[in-house]
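Structure, as C-alpha cells:
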Amino acid sequence: MVNTQTWLTDSYENKKNETTAIRISKGTELEGVLEIKDYPQLKEIFLGGAKGITELKIINCPTVETLFVSDNQITKIEGLTDLSKLKKLSFGGNKLEEIDISKNTELEMLYFRDNPATLKFANGIKNLSKLISWDSYQTFPLTKILDQANEEELKEIAKELGLDGEGKSLDEIKQAIKDELDKNKENKEKLEQELPGLFGTDGKVDESKLGEIKDKAEKGNNYDDLVEKNPDLIVDGKIDQSKLNDLNDKGKKFDDLKNTMDAIGIDPNNAAEAKQKMAKLNNLELRIKELYGENYEERLDIQYQANIEINTIKN
Numbered sequence: 004m005v006n007t008q009t010w011l012t013d014s015y016e017n018k019k020n021e022t023t024a025i026r027i028s029k030g031t032e033l034e035g036v037l038e039i040k041d042y043p044q045l046k047e048i049f050l051g052g053a054k055g056i057t058e059l060k061i062i063n064c065p066t067v068e069t070l071f072v073s074d075n076q077i078t079k080i081e082g083l084t085d086l087s088k089l090k091k092l093s094f095g096g097n098k099l100e101e102i103d104i105s106k107n108t109e110l111e112m113l114y115f116r117d118n119p120a121t122l123k124f125a126n127g128i129k130n131l132s133k134l135i136s137w138d139s140y141q142t143f144p145l146t147k148i149l150d151q152a153n154e155e156e157l158k159e160i161a162k163e164l165g166l167d168g169e170g171k172s173l174d175e176i177k178q179a180i181k182d183e184l185d186k187n188k189e190n191k192e193k194l195e196q197e198l199p200g201l202f203g204t205d206g207k208v209d210e211s212k213l214g215e216i217k218d219k220a221e222k223g224n225n226y227d228d229l230v231e232k233n234p235d236l237i238v239d240g241k242i243d244q245s246k247l248n249d250l251n252d253k254g255k256k257f258d259d260l261k262n263t264m265d266a267i268g269i270d271p272n273n274a275a276e277a278k279q280k281m282a283k284l285n286n287l288e289l290r291i292k293e294l295y296g297e298n299y300e301e302r303l304d305i306q307y308q309a310n311i312e313i314n315t316i317k318n
C-alpha cells in the first residue's frame, strides 16, 4: 500500500490551483490519514476502493460537490460541514460511528451502507426533500435517522414530503414518512422498468425522456378509455385484434360521415335539425334522379350539384 499523503503530494501538489478532481487509479491502494487542503477549484473527490484510508480531512476546498470514499477504513471525516455545495456523498463500507451532514443542505445523493450499527447522524438531516437517492432506507439507516430526529424535524420532513403531521404522534409521523419513501421507491423502480435510462447517474430524470413519459401517459389514458367504453375488446386479458380492427373501420366511417356533415352544415349533436336537413337531402336526391336518371352523378356537373344542395338546404 502507498501512504495516502505521499500519493496526494506526488499526484496533485504542483497543480492545486487548477485541479478540479482528485481520483485514484484502478488498483491503487492507500493507507493512513489523508488531508486535502487548499484546492480552490476542486469539485470531485473519488477515493472509493482505496481500502486503507483511516481518516479524511478536507480543509479550504469550498467548491467540492462530489465525495466518494466508500470501501476504506475511515473512522472520521473532518471538514464535511464546510462543504456547502456538496451534492453527492458516498461513504459506505467504512468504520464511521458518527457523521454530521446537517449543514450539507444541497445533498441529493447519500450512500452509507456497511458502517457500524451505532452510526449516528449528528444534528439529524436537514432539507430531506433534496435527497433524490439514498440507500437502505427501508431498514436500519432510515429508522436510525428518524429515531434521532426531534418532533420539529419530523414534522418538517413530513411537510417536505407533502404529508400532514398535525395531530399525529411521533410514531405515526415516522411510519407515514417510511410509507411515503417506500412508495416513492416502488414508483421509481416501475418507471425504470418501463423507461430504461430514465434516471441518469446523478439520480435525476433525464429531461430528454420527459416527452416519452407524456406520450406513454396519454396512450395509457386512451387505452383505459377505450377499454371502458368497449369491454368486449378484451379476451383473456388481451385486446382482440380482429375486434379492434372492426372498431377502427367503424371509427373511420364515422369520421367520414362527420366530415361530410360538417361540410354541409349539419350538427350531429342537434338531432332534430340533423334529421330535418337529412330529409331535405334525401328529397333532393330523389328529385335529381327524376330529372337525370339513376346515373345522375356521371351526368351532373359536380360544382352545379353542390350549389343545388347548398341552396336547397338553406331554403
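Under my numbering, think of the first position of the sequence shown as 4, with each following residue one higher. For glycine and all other residues, C-beta sits at the position ideal for the given N, C-alpha and C. Computed from a predicted structure; not experimentally measured.
| request: Would you please state the rounded distance, in angstroms, between the beta carbons of I323 and L92? I believe it to be under 8 Å. | output: The structure shown does not extend to residue 323, since the chain is modelled only from 4 through 318, so no value can be given for it.
| Which residue spans inside the region 42–116 form an unbroken beta strand (DSSP E) run of at least 3? | 47–49, 54–62, 69–71, 79–81, 91–93 and 112–114
| field | Beta-carbon proximity check, L83 vs N118, cutoff 8 Å | value | no
| said: Can you tell me whether N20 is helix, strand or coil according to DSSP? | reply: helix
| request: Going by CA-CA distance only, name the one from D74, V67 and I48 that's closest to L89. | output: V67
| task | Return the chain-ordered list of same chain residues with a C-beta closer than 6 Å to the C-beta of K71, the five sequence neighbours on each side being excluded. | result | The amino acid at residue 71 is misidentified as Lys; the sequence shows Phe. Only F49, G51 and S93 meet the Cβ criterion.
| query | Tell me which same chain residues have a C-beta within less than 7 Å of the C-beta of E21, skipping the five on either side of it? | reply | Q44
| task | Measure the alpha-carbon distance for I8 versus L157 and round it to whole angstroms. | result | The sequence shown places Gln at residue 8, not Ile. Rounded to whole angstroms, Q8 to L157 spans 41 Å at the Cα level.
| task | Whole angstroms is fine: what's the gap from V36's alpha carbon to D174's? | result | Going by the C-alpha atoms only, they are around 41 Å apart.
| said: Please report the distance separating the alpha-carbon of R26 from that of E47. | reply: 8 Å
| Relative to the C-alpha of T23, which residue among K123, D41 and E111 is closest? | D41
| What's the call for M4, buried or exposed, on a 16-neighbour Cβ count within 10 Å? | exposed
| request: Report the rounded CA-to-CA distance for K123 versus K98, giving the unit in angstroms. | output: 12 Å
| task | Could you check if K317 is buried or exposed, using at least 16 other CB atoms within 10 Å of its CB as the buried criterion? | result | In this prediction, K317 has a pLDDT of 42, which is less than 50 and means its spatial position is unreliable; nothing more can be read from the coordinates.
| query | Nearest to Y15 by CA position, among E34, E32 and E38, is which residue? | reply | E38
| L173: CB within 7 Å of a non-hydrogen atom of the ligand SAH | This structure does not include the ligand SAH; it has no bound ligands of any sort.
| field | Rounded distance between the beta-carbons of E32 and K60, thought under 8 Å | value | That belief does not hold up - the Cβ atoms of K60 and E32 are roughly 20 Å apart, past 8 Å.
| Shortest alpha-carbon distance to L86 belongs to which of K186, L11, I62 and S245? | I62
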